Ligand SMILES: Cc1cc2nc3c(=O)[nH]c(=O)nc-3n(C[C@H](O)[C@H](O)[C@H](O)COP(=O)(O)OP(=O)(O)OC[C@H]3O[C@@H](n4cnc5c(N)ncnc54)[C@H](O)[C@@H]3O)c2cc1C
Ligand SMILES: Cc1cc2nc3c(=O)[nH]c(=O)nc-3n(C[C@H](O)[C@H](O)[C@H](O)COP(=O)(O)OP(=O)(O)OC[C@H]3O[C@@H](n4cnc5c(N)ncnc54)[C@H](O)[C@@H]3O)c2cc1C
Ligand SMILES: Cc1cc2nc3c(=O)[nH]c(=O)nc-3n(C[C@H](O)[C@H](O)[C@H](O)COP(=O)(O)O)c2cc1C
Ligand SMILES: Cc1cc2nc3c(=O)[nH]c(=O)nc-3n(C[C@H](O)[C@H](O)[C@H](O)COP(=O)(O)O)c2cc1C
Ligand code: FES
Ligand code: FES
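Residue numbers (the working numbering), protein chains in the order written: chain A, 1 to 289; chain B, 1001 to 1289; chain C, 2001 to 2315; chain D, 3001 to 3315.
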């Protein structure tokens, strides 16, 4: 291998077409090629990458750790975790829906078609579906919808019905609705702008679905308030649930213990790593944040 | 002024069209716009910048301190000094001829038309012409030619005849020759490839020019060997001379004393700052390097 | 093909590249082949189960990160029963890092960890967010001497000592560790640091202080390795800012026999393997037959006299 | 419009932004208006004329530079006769930095520099490429105390003391300087470092060791400022990695009354002016009337108890 003394951060990340030296490994470092990076609304962008097939093993709820380009000439020193928004096996593509916040996501926003983007993954444990479940309810808010969206794909594959309640500040959630509905999910949109996103209203909708037998399991992400609501109703009606959690990460592999959250198991409080035991956890055990 | 907490390295550098808050200052920080950045031969590139008029006060032998973009995603932490290759007052442009070496110049090589390029200057003392001189001899090698080229412009303005001896490994010096000749200089090209660049041959050429009364003053840059030769002949024939020197720089303003070189004055060895007392010095005082 | 193997006392490493404690676990086998590493280094373990520090545990800084984890873990019993066997599945030697608040307990831990599958005991006496009375003994020569003496008495395993870059005189502390029987020195742990958020005026980390980790720090740690290497006979493992093969070479030239890597593995999970490959290629390209030729090979004698030296005569 | 003025003992600065010694000279008036700065800080001057260290004096590192200049200068007589008058043309107070190898000479220099146009004497007892017997007294509590006591006896000018980030226990040294009569502390000088070239195995600097300068180091120095501010009563000038107005705020929150800037001015010659403008804008945007409100205003009490603290109860 040629060694350029001036090269920073050598890596053996796989590009499309590369021979995979470690096909058996669960996780890889990949250099995807940006196919598109477009604004979905005022706050969110969607980046579509062409990636090595090894990366396409990601399933709903899993994440990648992204080496974001710089937005300003100075380096971005740590990767950023993002849920997989969509795996498009047919076209060898993977998509991330993201909100532009700090330097990492602002760097992502500068990606142009043809650019390289280094991603590591898939990481963590995603959503699981019990064979007995026929209908599930997905409740998400904000960027949490990015994490929940691939559930509709998973559910469709398992012929499980999905009702997705999409909560947002304003009607800019259309994109996720299309994705959910495209895979056969029923969606309900609740908004801050018309008051429909109030906990009481969402509770009414959920109680309605439970009454209709449309709620074999609960799924949520992105709002502590909504998590608490689902925990309460889940306990009341004995409905199992899963929650996807976030935390600042360093390694993504379970080594550094930076990404811990608190859980209560058998009356005892313990810590779990979002990158390893999560990001999807048993909803009733999550202490929230 | 809006303050973005995530902005790195704020600066008040002037763009084309900006009002100049400090028109009286000798030096400015400027954000030029790249007009072209093209390969001149295998080793050299020429970058042409559209700059604020304040930057156009640069004269032959002066330099700018360049904030090079990154070639590899990691920052380039220190500016790089470059002589002005050409000031094109009519078009509001300034040009730098450079050799791609380390990270800074490799970063420069990535500049594309339309890109910003932050330059500080003009800095230092350049070449001077005595009113009594009618004909001067310029002897340069390698990237030293970039420093000497604007002398032809200066000499043309002062109606001083120029003979430029251009030394190079191979015939890839055409570009500088065109610039010298375009302004009326006579050029002689000496090459390693045909042996004509040997010191003895160059000495012969210089002696010839002295005999013809074409050498009221000597100018050199870029080769210690050629400096020594000109010093010797200058002493022998009592011909004054100027040499442009290089040294690694930090501040460019005379503050840090990083850029010193040794000189011998009245039998005493002293240090002078290339960025401040130089980069052009009395040839006979330079100890060389 | 260059011979990359190096000797750290009685232990042979197949190459000089190992992970840094706390930045690695057997779980990295998901992405790289752990059998290619010079050694496996477990996260620092304490006697009791610990949750560690409040979150957030990491914050990005100008050129790196600060972190304060607080040595969470399930305690030594769980470690020996469940984690050591995970590492034992791989071939490279296992280095087990320990920390405690008392010298007696450090010694007792060393004894208890002297089980067959543990190859090296690394005394982490330099966790920067602990104070001297909390086990950050590497800030003081006498504490270091006493702690390593006590550990040495309780174990025959190779004993490595991880020093602190926050100490003012690392050479004296290194000598104290050597005198007390250390088999190797690990230089260094992280730099005690602070970040304050200007939006809410609060410290960025839950634990307030954290350890700075950044490639920017390499020149400082390299200087420490160089200074210590001139004064001790035992091998040194250099840790701090290694991100590429040339950094391994630079540490070895300064006197290190091996390096540890944290940050680079976070940035590129495959970094350690790439660095090993690049190091071999670098040596091959230069005709270096044994990587050990590089150890301490800095050409620091008769520094080229440049013009300035000549000039000095003239003042 | 916010009042940016700060008080450093008897001296009032119109704003808390000043250049760092060695990174500045009156010659910067070519590019910025020196009258806008909080203070003017001259390069460290020694008694005798000095050429300084061999070149190269600077090398770029992973995230910054190392440099070793060796305090070149024309000596104190020339300085008083020719350089002080250059600075006297401008309005901000003039801080004159001095260094020497002996305590007696440090004191004598302080006395000789107590001329009308000098407003502050800064004792550079922390040049990292000198050793303790070469004037790097800030590595040791007693040397620091003795040196500052001796200087204090010889001058009535405000006396600032520049400390070293290479010291292990900066708080004790800061206290020693305060006890000995320092009017303010300057924290800190550069980090002793080394770079070795992998192409020719030689140290990259003519002087071998150099001081590391990098924005990356700010969290380390900030921690020192924070720790010292809790333990001394005299004002602190924070120096290390300031490149933007928020960095000034961060240092002030940690307890500094002002900051010094080196690197940022190399990168952007106009940086100091921009930082002053941005600092005013930052304060105005937040309704801060006096910048002094920020000094020590870090909200480090009752750190928000996050879920982990609650969790600790459960172990
Ligand atoms: C498992 C997982 C999946 C995620 N999926 C998505 C996704 O699909 N789309 C998306 O837009 N975002 C997602 N996030 C959040 C995303 O990681 C953060 O928005 C991102 O790291 C912010 O980086 P930044 O540089 O833009 O902002 P920074 O400047 O780093 O931070 C901006 C703010 O975000 C907070 N933050 C930073 N990192 C994280 C983090 N890892 N988790 C939570 N908060 C953080 C900071 O505390 C700060 O308040 C996910 C996070 C996790 C842990
Ligand atoms: C007054 C002056 C005018 C110059 N004019 C030109 C010019 O017109 N065109 C041009 O191509 N180059 C010019 N140079 C040289 C130019 O500054 C260096 O080539 C450049 O800094 C190298 O940067 P880099 O990042 O590419 O290489 P680096 O990786 O920084 O260094 C590569 C090599 O160049 C040497 N070097 C680095 N900086 C300097 C320096 N400032 N002076 C001398 N050697 C250095 C290093 O020691 C190393 O050997 C000039 C230098 C000076 C001092
Ligand atoms: C997240 C994290 C956790 C760490 N935990 C430990 C630890 O448990 N024990 C230890 O000795 N060092 C620990 N360190 C320090 C590293 O071992 C290493 O000394 C440091 O990261 C510098 O190396 P680097 O520059 O290659 O990252 C930790 C570092 C990081 C970043
Ligand atoms: C080239 C250079 C020369 C310096 N010379 C001196 C000096 O003469 N005296 C001194 O006290 N500090 C000197 N310093 C240290 C600076 O004053 C300052 O402490 C250091 O650069 C850190 O600040 P920064 O991060 O803003 O650059 C020098 C620094 C540099 C980069
Ligand atoms: S990010 Fe390191 S353990 Fe989860
Ligand atoms: S580069 Fe600073 S004095 Fe010349």
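By construction, the Cβ of each residue, glycine as well, lies at the ideal position given by its N, Cα and C atoms.
This one's a predicted model, so the numbers in the text were calculated from it and none came from an experiment.
Inset, instruction - Kindly indicate if chain C contains any beta-carbon less than 8 Å away from that of residue 31/A. - result: As a first step, residue 31/A is located in the first chain; it is residue number 31 there, counting from the start. So no, residue 31/A is outside the interface.
Inset, instruction - Report the option in 3171/D, 3191/D and 3230/D whose CA atom is closest to the CA atom of residue 3065/D. - result: Taking the first residue of the fourth chain as position 1, residue 3065/D is located at position 65. The shortest Cα separation from residue 3065/D among 3171/D, 3191/D and 3230/D belongs to 3191/D.
Legend entry - Same chain only: Cβ atoms within 8 Å of residue 1036/B, ignoring 5 sequence neighbours per side: The residue given as residue 1036/B occupies position 36 in the second chain. Here the set comprises 1046, 1047, 1048 and 1113.
Legend entry - Beta-carbon contacts of residue 2256/C that lie in its chain and below 6 Å, excluding the five residues immediately before and after: Locating residue 2256/C in the third chain gives position 256, where the first residue counts as 1. Result list for residue 2256/C: 2225, 2236 and 2238, in chain order.
Legend entry - Exposure of residue 2099/C, with buried meaning 16 or more beta-carbon neighbours within 10 Å: As a working note, residue 2099/C is residue 99 in the third chain. It counts as buried.
Legend entry - residue 1253/B: CB within 7 Å of a non-hydrogen atom of ligand 1: Numbered from its first residue, the second chain carries residue 1253/B at position 253. Answer for residue 1253/B: no, Cβ out of range of ligand 1.
Inset, instruction - Consider the Cβ of residue 1144/B: report whether some Cβ of chain D lies at a distance smaller than 8 Å. - result: Within the second chain, the letter at position 144 stands for residue 1144/B. Answer no: the Cβ-Cβ gap between residue 1144/B and chain D never drops below 8 Å.
Inset, instruction - With a threshold of 7 Å, establish whether the CB of residue 82/A neighbours any heavy atom of ligand 5. - result: As a first step, residue 82/A is located in the first chain; it is residue number 82 there, counting from the start. No - ligand 5 has no heavy atom lying nearer than 7 Å to the Cβ of residue 82/A.
Inset, instruction - Express the C-alpha separation of residue 1098/B and residue 1104/B in angstroms, rounding to a whole number. - result: Sequence index remark: in the second chain, residue 1104/B carries index 104 (1-based). Sequence index remark: in the second chain, residue 1098/B carries index 98 (1-based). In a straight line, the C-alpha of residue 1104/B is about 11 Å away from that of residue 1098/B.
Inset, instruction - Could you tell me which of 2293/C, 2169/C, 2292/C and 2234/C sits nearest to residue 2159/C, measuring between CA atoms? - result: Position 159 of the third chain, counted from the start, is the residue given in the question as residue 2159/C. Residue 2234/C is the option with its Cα nearest to residue 2159/C.
Legend entry - Nearest-angstrom Cα separation, counted from residue 209/A out to residue 2203/C: Translated into positions along the third chain, residue 2203/C becomes position 203. Translated into positions along the first chain, residue 209/A becomes position 209. The alpha-carbon atoms of residue 2203/C and residue 209/A are separated by roughly 45 Å.
Inset, instruction - With a 10 Å radius around its C-beta and 16 neighbouring C-beta atoms as the bar for buried, classify residue 237/A as buried or exposed. - result: Taking the first chain and counting its residues from 1, one reaches residue 237/A at position 237. Exposed is the call here.
Legend entry - Residue interval of the alpha helix (DSSP H) (run including residue 152/A): Position 152 of the first chain, counting from 1, holds the residue named residue 152/A. It spans 144-157 - the alpha helix (DSSP H) in which residue 152/A sits, taken as one unbroken run.
Legend entry - chain D residues whose Cβ lies nearer than 7 Å to that of residue 2166/C: Position 166 of the third chain, counted from the start, is the residue given in the question as residue 2166/C. Under the 7 Å cutoff, chain D gives 3168.
Legend entry - Minimum C-alpha distance to residue 3081/D - residue among 3067/D, 3279/D and 3113/D: In the fourth chain, counting from the first residue as 1, residue 3081/D sits at position 81. The shortest C-alpha separation from residue 3081/D is found at 3113/D.
Inset, instruction - Determine the extent of the alpha helix (DSSP H) in which residue 245/A is found, giving its start and end residues. - result: On the first chain, position 245 is the one that residue 245/A refers to. Premise fails: residue 245/A is in no alpha helix (DSSP H) and is neither H nor E.
Inset, instruction - Could you name the residues of chain D that residue 1015/B contacts, counting a contact when the two beta carbons are closer than 9 Å? - result: Within the second chain, numbered from 1, the residue matching residue 1015/B stands at position 15. Within 9 Å Cβ-Cβ: nothing; residue 1015/B doesn't reach chain D, min ~13 Å.
Legend entry - Residue closest to residue 243/A, alpha-carbon to alpha-carbon, out of 214/A, 257/A, 151/A and 204/A: The residue labelled residue 243/A in the question sits at position 243 within the first chain. The shortest Cα separation from residue 243/A among 214/A, 257/A, 151/A and 204/A belongs to 151/A.
Inset, instruction - Flag residue 74/A as yes if its beta-carbon sits less than 8 Å from any beta-carbon of chain B, otherwise no. - result: On the first chain, position 74 is the one that residue 74/A refers to. It does: the Cβ of residue 74/A has a partner Cβ on chain B nearer than 8 Å.
Legend entry - Listed by chain order, chain D residues near residue 1064/B by CB distance under 8 Å: Position 64 of the second chain, counting from 1, holds the residue named residue 1064/B. Neighbours of residue 1064/B on chain D: none; closest Cβ ~11 Å, over 8 Å.
Inset, instruction - Could you tell me which of 239/A, 41/A and 67/A sits nearest to residue 132/A, measuring between CA atoms? - result: In the first chain, the residue the question calls residue 132/A occupies position 132. That would be 239/A, whose Cα lies nearest to the Cα of residue 132/A.
Legend entry - Under 9 Å by beta carbon: chain D residues contacting residue 2216/C: Start at 1 with the first residue of the third chain, and residue 2216/C comes out as number 216. 3061, 3062, 3063, 3064, 3212, 3214, 3215, 3216 and 3217, listed in chain order.
Legend entry - Residues that residue 3027/D contacts on chain B, provided the C-beta gap is smaller than 8 Å: Translated into the one-based positions of the fourth chain, residue 3027/D becomes position 27. Per Cβ cutoff of 8 Å: 1253, 1254, 1255 and 1276.
Inset, instruction - Closer than 7 Å by beta-carbon distance: list the chain D residues that pair up with residue 2226/C, in chain order. - result: Sequence index remark: in the third chain, residue 2226/C carries index 226 (1-based). Per Cβ cutoff of 7 Å: 3194.
Legend entry - Outcome for residue 200/A when other beta-carbon atoms lying within 10 angstroms are tallied against a minimum of 16: In the first chain, residue 200/A corresponds to position 200, counting from 1. Exposed, since its Cβ has fewer than 16 Cβ neighbours within 10 Å.
Inset, instruction - For the alpha helix (DSSP H) holding residue 135/A, just list the boundary residues, first then last. - result: The residue you call residue 135/A lines up with position 135 of the first chain. It is not in any alpha helix (DSSP H) - residue 135/A instead sits in the beta strand (DSSP E) that spans 135-141.
Inset, instruction - Report whether the distance from the Cβ of residue 1099/B to the nearest heavy atom of ligand 2 is below 7 Å. - result: Counting from one through the second chain, the residue named residue 1099/B turns up at place 99. Answer for residue 1099/B: yes, Cβ within range of ligand 2.
Inset, instruction - Kindly examine ligand 7 and report whether one of its heavy atoms sits closer than 7 Å to the Cβ of residue 2043/C. - result: In the structure on display, ligand 7 does not appear, and the ligands it does have are ligand 1, ligand 2, ligand 3, ligand 4, ligand 5 and ligand 6.
Legend entry - Cα-Cα separation between residue 2208/C and residue 3296/D, rounded to whole angstroms: Here residue 2208/C refers to the residue found at position 208 when the third chain is read from its first residue. Here residue 3296/D refers to the residue found at position 296 when the fourth chain is read from its first residue. Whole-angstrom Cα-Cα distance: 15 Å.
Legend entry - Any C-beta of chain F under 8 Å from that of residue 2202/C: The structure shown contains no chain F; its protein chains are A, B, C and D.
Legend entry - Status (buried if at least 16 other CB within 10 Å, exposed otherwise) for residue 212/A: Numbered from its first residue, the first chain carries residue 212/A at position 212. Exposed, by the Cβ-count rule.
Legend entry - residue 1233/B and residue 1206/B closer than 8 Å at C-beta: Residue mapping note: residue 1233/B aligns to position 233 of the second chain, counting from 1. Residue mapping note: residue 1206/B aligns to position 206 of the second chain, counting from 1. Closer than 8 Å, so yes.
Inset, instruction - Could you work out which residues of chain D lie near residue 1012/B, taking near to mean beta carbons separated by less than 7 Å? - result: Stepping through the second chain from its first residue, residue 1012/B is reached at position 12. What residue 1012/B touches in chain D: 3270, 3273 and 3274.
Legend entry - residue 1015/B in three-state terms, based on DSSP: Position 15 of the second chain, counted from the start, is the residue given in the question as residue 1015/B. Residue 1015/B falls in the strand class under three-state DSSP.
Inset, instruction - Jot down the residue ranges of each uninterrupted alpha helix (DSSP H) in the stretch 2035-2116 of chain C, minimum 4 residues, whole runs only, in chain order. - result: 2075-2078, 2084-2088 and 2103-2112
Legend entry - With 16 other Cβ atoms within 10 Å as the buried cut-off, status of residue 2227/C: By one-based count along the third chain, residue 2227/C stands at place 227. Looking at its Cβ environment, which holds 16 or more other Cβ atoms inside 10 Å, residue 2227/C is buried.
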